[in-house]
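Residue numbers (the working numbering): 909 to 1662.
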Ligand code: C2E
Ligand code: CA
Ligand code: CA
């Protein structure tokens, strides 16, 4: 509602209230007058010589009743009563009004009312008995009673006069002016009836008032409109400023006074200000749109980068950088699928492991470059030969041929029916490999042998199948070089390195056979040592040094890793503690832990070791692989949290990029360090994409506030490449091979001098 409308409404309500109050006063006055009129009419009818003094004096009830009937001419009188001066009621009657009588008259109880009135004497207002609600407004049912005395000219104590003489004497004695009270006549009417009569009398006044009220309201309405119109105009202008186009100028509305002139001036000032602001905002908006456009383009580019990176991660982690063939991981995953399919189709699936034993020799004598070129040529030949072989594959897949280790290739054979077929197919591959290789001007020839294993005859899972082929291969290597050997169980018992390794591992005297070597992590900028990675070594009395890649998987599979790991942890702590007593000690020693080690006992183990050897928070680090997180070893996350937050352990993710490389896990866990796998540095030499990929991983690590360590840096070129990426911690042969505890002080001292 507008302001003017509201004002008109209030004014109208006030006038209405005033009019109603006036009307009420008027009606009340008229009502009182009506009562007076009624009383005086009754009085007039009773004065003068008449039959009422004698009727009352002689207590003549029938005459009294008759008289009461004649006394009630006004139609609203509903009840009347004649009473002797001593209080005796001579007659009382409800007055019947014929056709148009009020329903109120039909009430029962009117007689009781009469008695009530008589016992209480004359009273102005008498309530109806309770429970008798007859009208909407309760006060309408109230009875208004008037009581008029009847005077006699004759002393009522005179008893000598008979009725007629008494009547006559009245007329005579009137002249004397004597007045004796002989009784009362009372009449009653309902308030409602009386009010109606009053209202009828007030009708002209009401009409006048209504007219005056209407005129007043009209005047108020127009007056208000003329007052508020300029304001309304201004409000509309303000609204249009808010929503639509800005007006050029706000005009002064007609009929404006001094204050309107001022308001208009202020509004015009505001419009100008807003126009300037809008111009600026429009400019800003276009600028923002431009920027948003370029941001979204950048985002698109970033998405493309991410997709590319993902593809590259896949390449680096599943393919051999030198030959471009599948690597061990891809081969194992591929085999797992093939073995299932073969089992379902009740077919055989064979693999051949081909060993090119001379590669190492070529590397040593002719250099790595030449060795790599030889490997690449041999790989190409293998691919050609596999394509040409029916037994191996009708339609070979890229992952059917892999380079597992430095000098080991693996080929999948799909169409195997019997062992002989597998052997002859493998023999053809060996022939292809033993043909001399031309590198530059040189012709180099290599010796090779092969081991064959067939699923499900020899194994039912990929690891076992490769292991069986490996057993056959080592048998061929030692018993008939240049030949193909097929796996058999006896061979396994006889030659299985693994079998004996496991036995030796179980029997190992840890303190005598195990020791730790330490490889430093160095800040390439300053040359300072940031930490040392503890690496386990096993010097088996009969075999000599057994590399960790050989015995650690066995320890993990046989449940020995928990005991060995505990030994490593305590040994690393004790070594650090003894270094701390000497002239220099590394700021931190990190220990590798296997998935199987991380349980609640492990937290206890670390706590005790730290206490026993007085290792402070920050001095001990743990390196874990992504599989710990991905395989969701129960409670692993909680244990890691305790280790890091309560014991101050420095946590690193090892070999990042080779496994799941899940950024989600990285950001979910609270970690301190990310170690980029050696494979990336190796691939950088052959693959420009690997450089970008390493760069991306370093950037991600930094973004997540992690210390990024690049592993396996061997050459100055590799070092400067990773330095350019902003890497501040490097580990690799370039700085140092793993060192024994005895060699450490020297190294640390030199590093301190640098
Ligand atoms: P890792 O944790 O990735 O350790 C790094 C490996 O790379 C070490 O091999 C190290 O000697 C080698 N390495 C370091 N720099 C270079 C380099 O510049 N060039 C080359 N070619 N190699 C380099 P290592 O000692 O043979 O250990 C192999 C793996 O065995 C380790 O990989 C780790 O996964 C496992 N391992 C070693 N000690 C332990 C241990 O105490 N506990 C557990 N659970 N695993 C261990
Ligand atoms: Ca490690
Ligand atoms: Ca590593």
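Heads up, the beta-carbon is just placed ideally off N, CA and C, and yes, glycines get one too.
- The three-state reading of DSSP puts residue 1092 in strand, counting E and B together.
- Within its own chain, the residues whose Cβ lies closer than 6 Å to the Cβ of residue 1597, once the five positions on either side in sequence are excluded, are 1220, listed in chain order.
- Every beta strand (DSSP E) of 3 residues or more that sits fully in the region 1562 to 1634 is shown, in chain order, as 1581 to 1584, 1615 to 1618.
- With a cut-off of 7 Å, the C-beta of residue 1585 is classified as distant from ligand 2, since no heavy atom of the ligand falls inside that distance.
- The beta carbon of residue 1482 is closer than 6 Å to those of 1521 in its chain, skipping five residues each way along the sequence.
- Around the beta-carbon of residue 1561, 16 or more other beta-carbon atoms lie within 10 Å, marking it buried.
- The residues 1225, 1585, 1587, in chain order, have a CB closer than 7 Å to that of residue 1566 in the same chain once the five nearest residues on each side in sequence are set aside.
- Beta-bridge analysis with DSSP links residue 1500 to 1531.
- For residue 1216, no pairing in a beta bridge is given by DSSP.
- Nearest C-alpha to residue 1135 among 1116, 1164, 1498, 1098: 1164.
- Between residue 984 and residue 1105, the CB-CB gap stays under 8 Å.
- Note that the C-beta distance between residue 1432 and residue 1638 is below 8 Å.
- The Cβ atoms of residue 1448 and residue 1412 lie closer than 8 Å to each other.
- Look at residue 999 here: in three-state DSSP terms it is strand.
- For the beta strand (DSSP E) assignment, the uninterrupted runs of no fewer than 3 residues enclosed by the region 963 to 992 are, from N- to C-terminal side, 985 to 992.
- DSSP links residue 1448 through a beta bridge to 1452.
- When the Cα atoms are used, residue 1495 and residue 1246 turn out to be separated by approximately 49 Å.
- For residue 1331, the enclosing alpha helix (DSSP H) starts and ends at 1327 to 1342.
- Look at residue 1500: its beta carbon is less than 7 Å from one of the heavy atoms in ligand 2.
- Counting along the chain, residue 1294 sits inside the alpha helix (DSSP H) bounded by residues 1276 to 1296.
- For residue 1464, the closest C-alpha among the options 1505, 1347, 1498 is that of 1505.
- Sequence-distant Cβ neighbours of residue 1279 in its own chain, meaning closer than 7 Å and more than five residues away, are 1267, 1270, 1271.
- Comparing alpha-carbon positions, the option among 1407, 995, 1478, 1259 lying closest to residue 1057 turns out to be 995.
- Rounded to whole angstroms, the gap between the alpha carbons of residue 1309 and residue 1591 is 19 Å.
- Using a C-beta cut-off of 8 Å, the region 1155 to 1173 makes no contact with the region 1185 to 1194, since fewer than three inter-stretch Cβ pairs fall below that distance.
- When the Cα atoms are used, residue 974 and residue 1122 turn out to be separated by approximately 52 Å.
- Per DSSP, residue 1657 is one residue of the alpha helix (DSSP H) stretching across 1652 to 1661.
- Contact check between the region 1630 to 1649 and the region 1418 to 1430: three or more CB pairs, one atom from each, fall below 8 Å, which counts as touching.
- In this structure, ligand 3 has a non-hydrogen atom nearer than 7 Å to the beta-carbon of residue 1563.
- In this structure, residue 1439 lies near residue 1529, with their beta-carbon atoms less than 8 Å apart.
- In the DSSP assignment, residue 1136 forms no beta bridge with any residue.
- Across the set 932, 1124, 991, 965, the C-alpha of 1124 shows the shortest separation from the C-alpha of residue 921.
- In this structure, residue 1282 sits near residue 1352, with a CB-CB distance shorter than 8 Å.
- A Cβ-Cβ separation of about 18 Å leaves residue 1634 out of contact with residue 1620 under the 8 Å criterion.
- The beta-carbon separation of residue 1316 and residue 1257, rounded to 19 Å, does not stay under the 8 Å limit for a contact.
- Within a 10 Å sphere around the beta-carbon of residue 1399 sit 16 or more other beta-carbons, which makes this residue buried.
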